[in-house]
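Contents: one structure, followed by commentary.
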Amino acid sequence: MSKEIVDAIKALEQEKGISADKLMDALADALLSAYRKTPGAAKYARVDLDHETGDFRVFELILPPELEEKLLAEAAEAQEEEEREIDPETGELKEPEEPELDPEMIAPYEDQIETRDVTPEDFGRIAAQTAKQVILQRIREAERQMMYDEYQDRVGELITGIIQQSDKRYTLVQLRER
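Numbering (our numbering), first residue to last: 240 to 417.
Laid out in structure tokens, this is it:
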């Protein structure tokens with residue numbers, strides 16, 4: 240990447256009030272999502288992002304087969320403990336999805352996992368669009384959380400706002416300049 244990305248993140252930090260570390264983590268997740276959209280992507284991967292320079296590397300995680308089976312079994316057990324969901328459109332029970340391995344599950348076994356640098360030269364159009372969507376979603380989530388944190392202690396207090404938009408599902412109220 241380049242210095243422009245780091246500068247853009249610092250500008251977003253100033254404009255939106257979201258910490259640069261949160262934005263960098265969102266960028267790393269976006270790059271991982273983008274990598275997974277590229278043809279021939281590794282099944283398990285991680286992104287190392289330098290917060291100062293914006294340089295990143297994508298590493299394929301090569302799990303020993305017995306460790307992968309053990310972790311997948313743990314993930315399947317955790318998934319079975321959650322209630323099976325009902326599809327609201329059809330009213331039928333949804334089939335559980337294939338269990339995925341979270342980075343938190345893999346972290347304790349880092350000494351047993353081999354890594355290989357698989358950083359792509361460039362991301363395709365679909366991968367770049369995926370990265371953009373992930374970053375925008377993270378920014379929206381951070382803004383909502385900041386708004387919630389700001390007003391959670393003010394329950395029962397009267398505040399004024401301007402109604403921007405309203406329909407039968409929700410009403411959008413502007414409480415301050417942002």
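Glycine included, each C-beta is placed from N, C-alpha and C at the ideal position. Note that the structure is a prediction, hence the values are computed from the model and not measured.
Could you say which of T410, F295, A280 lies nearest to P287 if we only look at CA atoms? Correcting the residue identity first, residue 287 is Asp in this sequence and not Pro. Of the candidates T410, F295, A280, the one whose C-alpha sits nearest the C-alpha of D287 is F295.
N- and C-terminal bounds of the beta strand (DSSP E) containing S405: 401-405
T329 classed as buried or exposed, judged by whether at least 16 other C-beta atoms fall within 10 angstroms: exposed
Three-state secondary structure assigned by DSSP to R285: strand
Report the three-state DSSP secondary structure of D361 (helix, strand or coil). coil
With a threshold of 16 other CB atoms inside 10 Å of the CB of A273, please say whether the residue is buried or exposed. buried
V357 and A281 closer than 8 Å at C-beta: yes
Beta-carbon separation (whole angstroms), P359 vs V297, contact threshold 8 Å: 7 Å
For the 8 Å Cβ check, are there 3 or more pairs between the region 247-262 and the region 298-311? no
Best match in A247, L300, S405 for proximity to Q351 [C-alpha to C-alpha]: L300
Segment limits, alpha helix (DSSP H) that includes Q253: 242-255
What is the rounded straight-line gap between the Cα of E252 and the Cα of E331? 44 Å
When you compare only the Cα positions, how much space is there between R285 and L266? 12 Å
Suppose contacts are defined by Cβ-Cβ distances below 8 Å. Is A269 in contact with I374 by that definition? yes
I'd like to confirm something about Y409: is its beta-carbon nearer than 7 Å to some heavy atom of the ligand FAD, or not? This structure does not include the ligand FAD; it has no bound ligands of any sort.
Whole angstroms are fine: how far does the CA of T354 sit from the CA of L310? 17 Å
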